[in-house]
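J.:
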Amino acid sequence: MSIPLITILGRMTIAFLAATGSVTAFAFHAVRQAVQPPYYRRQILSQILEIGYYSLPVVGLTAIFTGMVLALQSYTGFARFSAESAIPNVVVVSLTRELGPVLASLMVAGRVGASIAAEIGTMRVTEQIDALTTLSTDPFKYLVAPRLIAGVVTLPILVLLSDIIGVLGGYLVGVYKLDFNDTAYLRNTIDFLQFMDVFSGLVKAAVFGFLITLMGCYHGYTSKGGAQGVGMATTNAVVSASILIFTFNYFLTEAFFSR
Amino acid sequence: MASPKISLRGVTKSFGAKKVLQGIDLDVAPAESVVVIGGSGSGKSVLLKCILGLMQPDEGSIKVDGEETVDLSERGRQRVMRKFGMLFQGGALFDSLQVWENVAFGPIQSDGMAPAEARQVAIAKLAAVGLGPEIGVLRPSELSGGMQKRVALARAIAREPEIIFFDEPTTGLDPIMADVINELIVKSVNDLGATAVSITHDMASARKIGHRIAMLYDGKLIWQGPVSDIERSGNDHVDQFIHGRAEGPIQMQVRKL
Ligand SMILES: Nc1ncnc2c1ncn2[C@@H]1O[C@H](COP(=O)(O)OP(=O)(O)OP(=O)(O)O)[C@@H](O)[C@H]1O
Ligand SMILES: [Mg+2]
Numbered sequence: 134m135s136i137p138l139i140t141i142l143g144r145m146t147i148a149f150l151a152a153t154g155s156v157t158a159f160a161f162h163a164v165r166q167a168v169q170p171p172y173y174r175r176q177i178l179s180q181i182l183e184i185g186y187y188s189l190p191v192v193g194l195t196a197i198f199t200g201m202v203l204a205l206q207s208y209t210g211f212a213r214f215s216a217e218s219a220i221p222n223v224v225v226v227s228l229t230r231e232l233g234p235v236l237a238s239l240m241v242a243g244r245v246g247a248s249i250a251a252e253i254g255t256m257r258v259t260e261q262i263d264a265l266t267t268l269s270t271d272p273f274k275y276l277v278a279p280r281l282i283a284g285v286v287t288l289p290i291l292v293l294l295s296d297i298i299g300v301l302g303g304y305l306v307g308v309y310k311l312d313f314n315d316t317a318y319l320r321n322t323i324d325f326l327q328f329m330d331v332f333s334g335l336v337k338a339a340v341f342g343f344l345i346t347l348m349g350c351y352h353g354y355t356s357k358g359g360a361q362g363v364g365m366a367t368t369n370a371v372v373s374a375s376i377l378i379f380t381f382n383y384f385l386t387e388a389f390f391s392r
Numbered sequence: 075m076a077s078p079k080i081s082l083r084g085v086t087k088s089f090g091a092k093k094v095l096q097g098i099d100l101d102v103a104p105a106e107s108v109v110v111i112g113g114s115g116s117g118k119s120v121l122l123k124c125i126l127g128l129m130q131p132d133e134g135s136i137k138v139d140g141e142e143t144v145d146l147s148e149r150g151r152q153r154v155m156r157k158f159g160m161l162f163q164g165g166a167l168f169d170s171l172q173v174w175e176n177v178a179f180g181p182i183q184s185d186g187m188a189p190a191e192a193r194q195v196a197i198a199k200l201a202a203v204g205l206g207p208e209i210g211v212l213r214p215s216e217l218s219g220g221m222q223k224r225v226a227l228a229r230a231i232a233r234e235p236e237i238i239f240f241d242e243p244t245t246g247l248d249p250i251m252a253d254v255i256n257e258l259i260v261k262s263v264n265d266l267g268a269t270a271v272s273i274t275h276d277m278a279s280a281r282k283i284g285h286r287i288a289m290l291y292d293g294k295l296i297w298q299g300p301v302s303d304i305e306r307s308g309n310d311h312v313d314q315f316i317h318g319r320a321e322g323p324i325q326m327q328v329r330k331l
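In the order they appear, the protein sequences are chains A and B. The numbering of the first sequence is the numbering used here, which starts it at 134 and goes up by one. The numbering of the second sequence is the numbering used here, which starts it at 75 and goes up by one.
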C-alpha cells in the first residue's frame, strides 16, 4: 500500500470533524427556524401523520414480538434458578428503558429517515428548493422545521404505545404459554415499574426523533448530482441516524441511570 | 439610461478549477427586456442564479434597485426575492402539489392570499399559458414536458413580480405555442411594466421578446446591443451564433465530464 495508514486516519478524522461541524451548523439553523414564526401548520400536521401515524403498524409489530421474545427468553434463563416471578418486571423495564425507544427509532429511521432524505434530495437536484427560495419561502421553515417538529413530537408517542404493546406481548406469552396467573403478571409488571423507567425512554425517543429527521433533512438537503446522489443521501441518512441512535442511547442511559 | 433595475459589475463564478463567469458587467433598465444568448454550458443559467442569490458569486457586485445583494442577510434576501419571479430551465415544479397549488404557491405562502382567491388567480394564469382548469387538479408528473414548462411559466408570473427571469421559456414547445409564450412575455413586460431577463437559443423568440440582446461567451458578455443591431453586430462570434454555423471563431469543445 502506498498511502501510509496514518495519512488515511488523518484524512478520516478531518472528514469526520468537517461533517460534524456542518451537521451541527445545519441543526442550529434548523432549530432557530423551527421556533420562529411563521409556522407552516399544514406541513407540520401532514408530517406528524406521515412520521407518526403511518409508522404505527411497523412499530407495533416490532414491539409485540420483542415483548413476546423477552418473556420467553427470560423464562428459559430465570427458570434455572426459580426466579420466574421477576419475568414481568424484566420485560417491562427492558422495554421502557431500552428496547422500546431504540427498536422503534431504528424502525422509524429506516422508514422515515430514508423517505425524508429521498424527498428532500429529489427536491434539491430538481431545483425545487431553489424554486421555494424564489417564491420567498424559506426551505428550512417549509421543509426542515416541520419534519424536525414532527419527529420530536411523534416519537415519544410511538414509543409509549410501543411500550404498552410490548408489555401486552410479554403478557400473552406469560399467561398463555408459561402459565402465569394473569392478575399476578400484571401486578408484577406495575408494582416494580418506576416513573423514571418510562420517562427516560420517552426522553430518549424525543432525542432519537430529532436525530432521525435531522439526518434525513441534512443528507437530503446537501445531496447533489441526480439520482445517484439522492440514493447515496438516503443510505447515509439511515446509516448515520442508526449509529447516532446507538451512540446517544448509551450517553442518555449514562446520564439517567449511572450514579 | 435611468438608474438601472439590475446592475452587475465584475461578477465572477468558478466551480473548482472551471471558470464559468469571468467578469460580467450588465445593466438592465426598468421595464427593459434583455435576452442573453450563448452556447450550451456557457454559464447563462449560472448568471441568473447568481443574481437571484441561489449561488454566491466569487467576486463582483450585484445591485437590485441600487441595493447591493451579494452578502445580503437572510431576511434582506427574502425581501429582495419578493421582486423576482423565476422560470427554471427544468421547470422545478413541486411534485408533491397539484398544478394549481404550484401556481398559487407564491400568492398563498408569501403574499398571504386566501386559498380560494389564489385558486382563481392560478386558473387565470393557467388559461394565459393555454391550459384549462381541468389541468389544475393534476400532478406535475402527469403533464407533458411542454405543459410543465407552461405551468412553471404561470407560476413565475403569478405574483406579477417586478423582475422576471425566463430560463429557456420556449424550449420544448411547438412553434405555435412558443409564439403564444413569446407574446405572453412581451405582454408581461408591456402591461405590468416588468423588467425581464430571458435566456434562449431560439433567435426568433429572442427577436420578439427582447429589447436588447447580450451574448455570453467565454465567461464574458462579448456583445450587447439593441435587437435591431443583431444582424450588423460586427462581431464574428455573434454572427456565427445567430446563423448557427459550425465554422467560425467559436469552436465546439468536447467537454470532459
Ligand atoms: N452546481 C454546479 N456545480 C458545478 N458546476 C456547475 C454547477 N452548475 C453549473 N455548473 C457548470 O457551469 C457551466 C455553466 O452551466 P449553465 O447551467 O449556466 O449553462 P447554460 O449556459 O445555462 O447552458 P444551457 O444552455 O445548456 O442551459 C457548466 O459547464 C456546468 O458544468
Ligand atoms: Mg441553462
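Built from N, CA and C at the ideal position, the CB exists for glycine as well.
Which runs of the alpha helix (DSSP H), 4 residues or longer, sit entirely within the stretch 143-224 of chain B?
T.: Here the runs fully enclosed are 148-155, 173-179, 189-202.
J.: Against chain B, with Cβ distances strictly below 8 Å, would A247 of chain A count as a contact?
T.: As a first step, residue 247 of chain A is located in the first sequence; it is residue number 114 there, counting from the start. No, because no Cβ of chain B sits closer than 8 Å to the Cβ of A247 of chain A.
J.: Please report the straight-line C-alpha distance between R306 of chain B and I283 of chain B, rounded to a whole angstrom.
T.: Counting from one through the second sequence, the residue named residue 306 of chain B turns up at place 232. Counting from one through the second sequence, the residue named residue 283 of chain B turns up at place 209. The alpha-carbon atoms of R306 of chain B and I283 of chain B are separated by roughly 19 Å.
J.: Tell me the rounded alpha-carbon separation between V223 of chain A and F343 of chain A.
T.: Counting from 1 along the first sequence, the entry for residue 223 of chain A is found at position 90. Counting from 1 along the first sequence, the entry for residue 343 of chain A is found at position 210. Cα to Cα, the separation comes out at about 28 Å.
J.: What is the DSSP secondary structure of R165 of chain A, reduced to helix, strand or coil?
T.: Locating residue 165 of chain A in the first sequence gives position 32, counting from the first residue. Reduced to three states, the DSSP call for R165 of chain A is helix.
J.: Please report how far the alpha carbon of A212 of chain A lies from the alpha carbon of L182 of chain A, in whole angstroms.
T.: Here residue 212 of chain A is taken as the residue at index 79 of the first sequence, counted from 1. Here residue 182 of chain A is taken as the residue at index 49 of the first sequence, counted from 1. Spanning the two alpha carbons is a distance of roughly 43 Å.
J.: If we call anything under 8 Å between Cβ atoms a contact, is V173 of chain B one with I209 of chain B?
T.: Here residue 173 of chain B corresponds to residue number 99 of the second sequence, with the count starting at 1. Here residue 209 of chain B corresponds to residue number 135 of the second sequence, with the count starting at 1. Yes, the Cβ-Cβ distance between V173 of chain B and I209 of chain B is below 8 Å.
J.: Assuming S269 of chain A and S184 of chain B are in contact, meaning their beta carbons sit under 8 Å apart, how far apart are those beta carbons, in whole angstroms?
T.: Position 136 of the first sequence, counting from 1, holds the residue named residue 269 of chain A. Position 110 of the second sequence, counting from 1, holds the residue named residue 184 of chain B. 4 Å between Cβ atoms; contact.
J.: Which whole-angstrom value describes the C-beta separation of L150 of chain A and A237 of chain A, a residue pair presumed to lie in contact below a C-beta threshold of 8 Å?
T.: Mapped onto the first sequence, residue 150 of chain A falls at position 17. Mapped onto the first sequence, residue 237 of chain A falls at position 104. 31 Å between Cβ atoms; not a contact.
J.: Within this structure, are the beta carbons of G185 of chain A and I298 of chain A separated by less than 8 Å?
T.: Mapped onto the first sequence, residue 185 of chain A falls at position 52. Mapped onto the first sequence, residue 298 of chain A falls at position 165. Contact flag unset, no.
J.: Assign S272 of chain B to one of three DSSP states: helix, strand, or coil.
T.: By 1-based counting over the second sequence, the position of residue 272 of chain B is 198. Three-state DSSP puts S272 of chain B in a strand.
J.: If the cut is a Cβ gap below 8 Å, which residues of chain A does S166 of chain B touch?
T.: Position 92 of the second sequence, counted from the start, is the residue given in the question as residue 166 of chain B. It is worth fixing the name first, because residue 166 of chain B is Ala in this sequence and not Ser. T259, E260, Q261, D263, A264, listed in chain order.
J.: Which residue from A:A278, A:F161, A:K357, A:I323 puts its Cα closest to that of R175 of chain A?
T.: Locating residue 175 of chain A in the first sequence gives position 42, where the first residue counts as 1. Ranking the options by Cα distance to R175 of chain A, first place goes to A:A278.
J.: For L227 of chain B, collect the residues of the same chain with a Cβ closer than 8 Å to its Cβ; drop the 5 residues on either side in sequence, then sort them by chain order.
T.: If you number the second sequence from 1, residue 227 of chain B lands on position 153. Cβ neighbours of L227 of chain B beyond the five flanking positions: L161, V203, F240, P243, I255, L258.
J.: What is the DSSP secondary structure of Y351 of chain A, reduced to helix, strand or coil?
T.: Here residue 351 of chain A is taken as the residue at index 218 of the first sequence, counted from 1. DSSP places Y351 of chain A in helix when its eight states are reduced to three.
J.: Hey, would you say V225 of chain A sits closer than 8 Å to T316 of chain A, going by beta carbons?
T.: Locating residue 225 of chain A in the first sequence gives position 92, counting from the first residue. Locating residue 316 of chain A in the first sequence gives position 183, counting from the first residue. No; because the gap between Cβ atoms is not below 8 Å, this pair is not in contact.
J.: If you drop the 5 nearest sequence neighbours on each side, which residues of the same chain put their C-beta closer than 6 Å to that of L270 of chain B?
T.: Residue mapping note: residue 270 of chain B aligns to position 196 of the second sequence, counting from 1. It should be noted that the sequence gives Ala, not Leu, for residue 270 of chain B. S107, I238, V263.
J.: Can you list, in chain order, the residues of its chain with a C-beta nearer than 8 Å to that of L281 of chain A? Leave out the 5 residues immediately preceding and following it.
T.: Mapped onto the first sequence, residue 281 of chain A falls at position 148. Closer than 8 Å at Cβ, skipping near neighbours: A163, V164, A167, F343, T346, L347, C350.
J.: If distances are taken between C-alpha atoms only, which option among B:M187, B:L171, B:P189, B:K157 comes closest to T267 of chain A?
T.: On the first sequence, position 134 is the one that residue 267 of chain A refers to. Selected option, being the one with the closest Cα: B:K157.
J.: Does the distance between the C-beta of S114 of chain B and the nearest non-hydrogen atom of ligand 1 fall short of 7 Å?
T.: Taking the first residue of the second sequence as 1, we reach residue 114 of chain B at position 40. Checking the Cβ of S114 of chain B against ligand 1 gives yes.
J.: Let me confirm a value: D330 of chain A is counted as buried when at least 16 other C-beta atoms fall within 10 Å, else exposed. Which label applies?
T.: Numbered from 1 along the first sequence, position 197 holds the residue referred to as residue 330 of chain A. By the neighbour-count rule (16 or more Cβ atoms within 10 Å), D330 of chain A is buried.
J.: Comparing alpha-carbon positions, which option in B:G159, B:K93, B:G113 lies nearest I125 of chain B?
T.: Here residue 125 of chain B corresponds to residue number 51 of the second sequence, with the count starting at 1. Selected option, being the one with the closest Cα: B:G159.
J.: In whole angstroms, give me the CA-to-CA distance for E260 of chain A and A250 of chain A.
T.: Mapped onto the first sequence, residue 260 of chain A falls at position 127. Mapped onto the first sequence, residue 250 of chain A falls at position 117. Each residue's Cα considered, the two are about 15 Å apart.
J.: Does the beta carbon of F240 of chain B fall short of 7 Å from some heavy atom of ligand 1?
T.: Along the second sequence, read from residue 1 onward, the residue named residue 240 of chain B stands at position 166. No, the beta carbon of F240 of chain B sits no closer than 7 Å to any heavy atom of ligand 1.
J.: Indicate, with yes or no, if ligand 2 has a heavy atom lying under 7 Å from the CB of K118 of chain B.
T.: Here residue 118 of chain B refers to the residue found at position 44 when the second sequence is read from its first residue. Yes, the Cβ of K118 of chain B comes within 7 Å of a heavy atom of ligand 2.
J.: Between the alpha carbons of G233 of chain A and E387 of chain A, how many angstroms are there, rounded?
T.: Along the first sequence, read from residue 1 onward, the residue named residue 233 of chain A stands at position 100. Along the first sequence, read from residue 1 onward, the residue named residue 387 of chain A stands at position 254. The alpha-carbon atoms of G233 of chain A and E387 of chain A are separated by roughly 17 Å.
J.: Nearest to P78 of chain B by CA position, among B:E142, B:K92, B:R153, is which residue?
T.: Within the second sequence, the letter at position 4 stands for residue 78 of chain B. When each option's Cα is compared against that of P78 of chain B, the closest is B:E142.
J.: Taking 8 Å as the threshold (C-beta atoms), are T199 of chain A and L239 of chain A in contact?
T.: To locate residue 239 of chain A, count along the first sequence from 1; it is residue 106. To locate residue 199 of chain A, count along the first sequence from 1; it is residue 66. The answer is no: Cβ separation not under 8 Å.
J.: Which residue spans inside the stretch 234-284 of chain A form an unbroken alpha helix (DSSP H) run of at least 4?
T.: Correct list: 247-258, 261-267.
J.: Would DSSP call F159 of chain A helix, strand or coil?
T.: Taking the first residue of the first sequence as position 1, residue 159 of chain A is located at position 26. Helix.
J.: Drop a sphere of 10 angstroms on the beta-carbon of G359 of chain A, count the other beta-carbons inside from all chains shown, and report buried for 16 or more, exposed for fewer.
T.: On the first sequence, residue 359 of chain A is found 226 positions in, with the first residue counted as 1. Per the 10 Å Cβ criterion, exposed.
J.: Mind listing the chain A neighbours of L126 of chain B? Cutoff is C-beta to C-beta under 7 Å, in chain order.
T.: Start at 1 with the first residue of the second sequence, and residue 126 of chain B comes out as number 52. Result: T267.
J.: Over the uninterrupted beta strand (DSSP E) stretch that includes M34 of chain B, give me the two end residues.
T.: Since the first residue shown for chain B is 75 and the last is 331, residue 34 of chain B is missing from the structure and cannot be characterised.
J.: Tell me, to the nearest whole angstrom, how far the beta carbon of G307 of chain A is from that of P221 of chain A; I am working on the premise that it is less than 8 Å.
T.: Residue mapping note: residue 307 of chain A aligns to position 174 of the first sequence, counting from 1. Residue mapping note: residue 221 of chain A aligns to position 88 of the first sequence, counting from 1. G307 of chain A to P221 of chain A, Cβ: 7 Å. Contact.
J.: Name the DSSP beta bridge partners of Q96 of chain B, please?
T.: Along the second sequence, read from residue 1 onward, the residue named residue 96 of chain B stands at position 22. B:T86.
J.: In its own chain, which residues sit with a C-beta less than 7 Å from the C-beta of Y173 of chain A, not counting the 5 before and 5 after it?
T.: Locating residue 173 of chain A in the first sequence gives position 40, where the first residue counts as 1. Cβ neighbours of Y173 of chain A beyond the five flanking positions: K274, Y275, P279.
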